[in-house]
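Undergrad: Got a structure here, written out as structure tokens. Questions coming.
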Amino acid sequence: MSANTELQWKGYAVHDTKEWDQFKVVDFKPKQFEDKDVDIKIEYCGVCGSDIHTITGGWGDVHLPLITGHEITGHVVRVGPKVTEFKVGDRVGVGAQVGSCYDCKRCKGGSENYCHKAIHTYNSLYPDGTVSQGGYATAIRANEQFVFRIPDELPLEQASPMMCAGITVYSPLKTNGAGPGKSVGVIGIGGLGHFALQFAKALGSDRVVAFSHSENKKDDAFALGATDFVNTGDKNWVKDWSDTLDIILCTVDVSHHIPLSDIFATLKVHGRCIMVALPDDALPGINAFDMTTSGVLLGGSHIGSKAEVVEMLELAVKKGVKSYIQMLPSMSSSSSRASVGLIGHAIVVKEAGKAVQGVKSGKIRYRYVLKVDI
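Once you know that position 295 of the sequence shown is 295 in the UniProt record's numbering, the rest is easy, because the numbers rise by one and skip nothing.
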């Protein structure tokens, strides 16, 4: 076992869901180190919509004070005696999960991301009662099953958003057959959607259709790989796109912006609509006839397995998939509006309050990445 006794455990935590954008530095104690654990010195952490859903209380109870963040990259500083994949100094990432039961059918079958006893990267309880703390911090401890090697060709700040947003869309695209001969639709062009367009193209889909409620992101959508753009504010969009798509990924994070009956109408017979965003509120009601008319399927997807993350990272390198990172105005004299083709730089973690505000407002294009500064 290799160890770094100088590793500090500090992070930026929220103390009150009513003050969800107020972060204060705290010391925290990680869970007990075990034989297959890996300690990672964090360099970067992306800001995910899940962070905002959690710290605002939108997803339920919060173990406060809480450090969020699950798009983590950094370097290995300690490995347990039974760790076989990593050594000190390796470039690695961690996503939205840091543990599971390791013994159920799902874990043994390569679907550990669906384990009923999953330990999420933050706001979960370990068996010993320790609260898991996320990546707006100096370090993280995770079982090696949930640690991913970052290819040398991929900068760590670029890899960070792929640890959650990237795999959240890559897994359902691959599982549901995106590729040659298929037409794929992406509802919502945000943090998830900007990856979905790129990965749908990278997988070789014949047609990649971007759906947005205005023309504001049209140019970006084409630059990200879309072959077509649909403004859902146009009154005839459903009629024009009826019976066209094999697969739709819905990345919209606000329930009342999800017109399921209209989405189903754009699908071919036995087409699939896969939900990947997790709004606070329930989905709008649907009529069974909306689904039976074309035999469409409504499903969901939750992050991805280790095998899928490894595959995704290899494809990102091969096909040039990028994380488009926006700089905060305070960090640059340039316009705060990022455009596709501009890959910004990470911002320091003390700017986390501004970052979560930007994500909640929906103004970010397309991801904030925080650089550890403590």
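Just so you know, even glycine gets a beta-carbon here, dropped at the ideal spot from N, CA and C.
So, under 8 Å CB-CB, I140 and V94 are touching, yes? Tell me the CB distance rounded to an integer number of Å.
TA: The count along the sequence shown starts at 1 and reaches residue 140 at position 140. The count along the sequence shown starts at 1 and reaches residue 94 at position 94. Going by Cβ atoms, the distance from I140 to V94 rounds to 6 Å, so yes, they are a contact pair.
Undergrad: Out of K31, V310, V269 and L64, state which residue places its alpha-carbon closest to the alpha-carbon of Y126.
TA: Position 126 of the sequence shown holds residue 126. Nearest of K31, V310, V269 and L64 to Y126, Cα basis: K31.
Undergrad: Smallest Cα separation from M291: which of C164, S261, M312 and K354?
TA: Counting from one through the sequence shown, the residue named residue 291 turns up at place 291. Checked all of C164, S261, M312 and K354; the closest Cα to M291 is S261.
Undergrad: Taking all protein chains shown into account, do 16 or more other C-beta atoms lie within 10 angstroms of the C-beta of D39, making it buried, or fewer, making it exposed?
TA: Counting from 1 along the sequence shown, the entry for residue 39 is found at position 39. D39 is buried by the Cβ-count criterion.
Undergrad: If you draw a straight line from the C-alpha of M275 to the C-alpha of D152, how long is it?
TA: For this step, residue 275 is matched to residue 275 along the sequence shown. For this step, residue 152 is matched to residue 152 along the sequence shown. One C-alpha to the other measures close to 32 Å.
Undergrad: In its own chain, which residues sit with a C-beta less than 6 Å from the C-beta of residue 442, not counting the 5 before and 5 after it?
TA: Since the first residue of the chain shown is 1 and the last is 374, residue 442 is not available in this structure.
Undergrad: Would DSSP call A118 helix, strand or coil?
TA: As a working mapping, residue 118 is identified with position 118 in the sequence shown. Of the three classes helix, strand and coil, the one that applies to A118 here is coil, per DSSP.
Undergrad: Look up F289 in the DSSP assignment and give the residues it is bridged to.
TA: Here residue 289 is taken as the residue at index 289 of the sequence shown, counted from 1. Its beta-bridge partners do not exist; DSSP assigns none.
Undergrad: To which residues of the same chain is K29 closer than 8 Å at the C-beta, ignoring the five residues directly before and after it?
TA: Indexing the sequence shown from 1 puts residue 29 at position 29. Closer than 8 Å at the Cβ level, and outside the excluded window around K29, lie W9 and T130.
Undergrad: Considering only their Cβ atoms, is the gap separating G188 from F211 smaller than 9 Å?
TA: Locating residue 211 in the sequence shown gives position 211, where the first residue counts as 1. Locating residue 188 in the sequence shown gives position 188, where the first residue counts as 1. Their beta carbons are under 9 Å apart, which means F211 touches G188 by this criterion.
Undergrad: Using three-state DSSP, classify R207 as helix, strand or coil.
TA: Position 207 of the sequence shown, counted from the start, is the residue given in the question as residue 207. Looking at R207 - three-state DSSP - the assignment turns out to be strand.
Undergrad: Can you check DSSP and say which residues form a bridge with H75?
TA: Counting from 1 along the sequence shown, the entry for residue 75 is found at position 75. Beta-bridge pairing links H75 to K41 and R91.
Undergrad: In three-state DSSP terms, what is F28?
TA: By one-based count along the sequence shown, residue 28 stands at place 28. Coil, per DSSP.
Undergrad: Quick check: the stretch 305 to 317 against the stretch 159 to 171, are at least 3 beta-carbon pairs closer than 8 Å?
TA: The stretch 159 to 171 vs the stretch 305 to 317: in contact.
Undergrad: Would you say the beta carbon of K87 comes nearer than 8 Å to a heavy atom of the ligand NAD?
TA: The ligand NAD is not part of this structure, which contains no ligands at all.
Undergrad: Quick check: Y122 and H70, are their CB atoms within less than 9 Å of each other?
TA: If you number the sequence shown from 1, residue 122 lands on position 122. If you number the sequence shown from 1, residue 70 lands on position 70. Yes; because the gap between Cβ atoms is below 9 Å, this pair is in contact.
Undergrad: Can you name the residues that DSSP bridges to C104?
TA: Looking up residue 104 in the sequence shown gives position 104. Note: C104 sits in no beta bridge, so no partner.
Undergrad: Look at T227 and V238 and say whether their C-beta atoms are less than 9 Å apart.
TA: The residue you call residue 227 lines up with position 227 of the sequence shown. The residue you call residue 238 lines up with position 238 of the sequence shown. Result no, Cβ atoms of T227 and V238 do not sit closer than 9 Å.
Undergrad: Within this structure, are the beta carbons of G299 and P155 separated by less than 9 Å?
TA: Looking up residue 299 in the sequence shown gives position 299. Looking up residue 155 in the sequence shown gives position 155. Against a cut-off of 9 Å, the Cβ pair of P155 and G299 comes out as no contact.
Undergrad: Which residue comes first and which comes last in the alpha helix (DSSP H) that contains I52?
TA: For the purposes of this step, residue 52 is taken as residue 52 along the sequence shown, with counting starting at 1. Start and end: G49 to I55.
Undergrad: Taking G362 as the reference, which of K217, S242, I286 and D246 has the closest Cα?
TA: Position 362 of the sequence shown, counted from the first residue, corresponds to residue 362. G362 has its Cα closest to that of K217, out of K217, S242, I286 and D246.
Undergrad: Can you give the beta carbon distance from E98 to A142, rounded, assuming they're within the 8 Å contact cut?
TA: Here residue 98 is taken as the residue at index 98 of the sequence shown, counted from 1. Here residue 142 is taken as the residue at index 142 of the sequence shown, counted from 1. Checking the sequence shown, residue 98 turns out to be Val, not Glu. Going by Cβ atoms, the distance from V98 to A142 rounds to 4 Å, so yes, they are a contact pair.
Undergrad: Out of V184, D280, R78 and T17, which one is the CA nearest neighbour of L7?
TA: In the sequence shown, the residue the question calls residue 7 occupies position 7. Nearest C-alpha to L7: R78.
Undergrad: Nearest to G57 by CA position, among H63, K24, T17 and I42, is which residue?
TA: Start at 1 with the first residue of the sequence shown, and residue 57 comes out as number 57. Selected option, being the one with the closest Cα: T17.
Undergrad: Would you mind sorting K235 into buried or exposed? The rule is 16 or more other CB atoms within 10 Å of its CB.
TA: Numbered from its first residue, the sequence shown carries residue 235 at position 235. That one is exposed.
Undergrad: For K18, list the residues DSSP reports as bridge partners.
TA: The residue given as residue 18 occupies position 18 in the sequence shown. Beta-bridge pairing links K18 to no other residue.
Undergrad: Verify whether the separation of the beta carbon atoms of Y366 and A355 is less than 9 Å.
TA: Sequence index remark: in the sequence shown, residue 366 carries index 366 (1-based). Sequence index remark: in the sequence shown, residue 355 carries index 355 (1-based). Contact: no.
Undergrad: Which first and last residues belong to the alpha helix (DSSP H) in which F148 is found?
TA: If you number the sequence shown from 1, residue 148 lands on position 148. No alpha helix (DSSP H) holds F148; the beta strand (DSSP E) holding it covers V147 to R149.
Undergrad: Could you please give the first and the last residue of the uninterrupted beta strand (DSSP E) stretch that includes V269?
TA: Along the sequence shown, one-based indexing puts residue 269 at 269. Unbroken beta strand (DSSP E) run through V269: L267 to M275.
Undergrad: Nearest to V296 by CA position, among F229, V230, I374 and C273, is which residue?
TA: To locate residue 296, count along the sequence shown from 1; it is residue 296. The residue with the shortest Cα to Cα distance from V296 is C273.
Undergrad: Is the Cβ of H213 closer than 9 Å to any Cβ of chain C?
TA: Absent from the structure is chain C; it holds one protein chain and no more.
Undergrad: Starting from A137, follow its DSSP beta bridges and name the residues at the other end.
TA: Counting from 1 along the sequence shown, the entry for residue 137 is found at position 137. BP columns for A137 point to G11.
Undergrad: Could you pull the start and end residues of the beta strand (DSSP E) that L297 belongs to?
TA: As a position in the sequence shown, residue 297 is number 297, starting the count at 1. Its beta strand (DSSP E) spans residues L297 to G300.
Undergrad: Which residue wins for smallest C-alpha separation from L203, given the options I286, A118, V147 and V321?
TA: For the purposes of this step, residue 203 is taken as residue 203 along the sequence shown, with counting starting at 1. Here the closest residue by C-alpha is V321.
Undergrad: For the stretch 173 to 226, list the beta strand (DSSP E) runs that are entirely contained and at least 3 residues long, ordered along the chain.
TA: Within the stretch 173 to 226, the complete beta strand (DSSP E) runs of at least 3 residues are 183 to 187 and 207 to 212.
Undergrad: Taking all protein chains shown into account, do 16 or more other C-beta atoms lie within 10 angstroms of the C-beta of N176, making it buried, or fewer, making it exposed?
TA: Here residue 176 is taken as the residue at index 176 of the sequence shown, counted from 1. Counting Cβ neighbours within 10 Å, N176 comes out buried, since at least 16 surround it.
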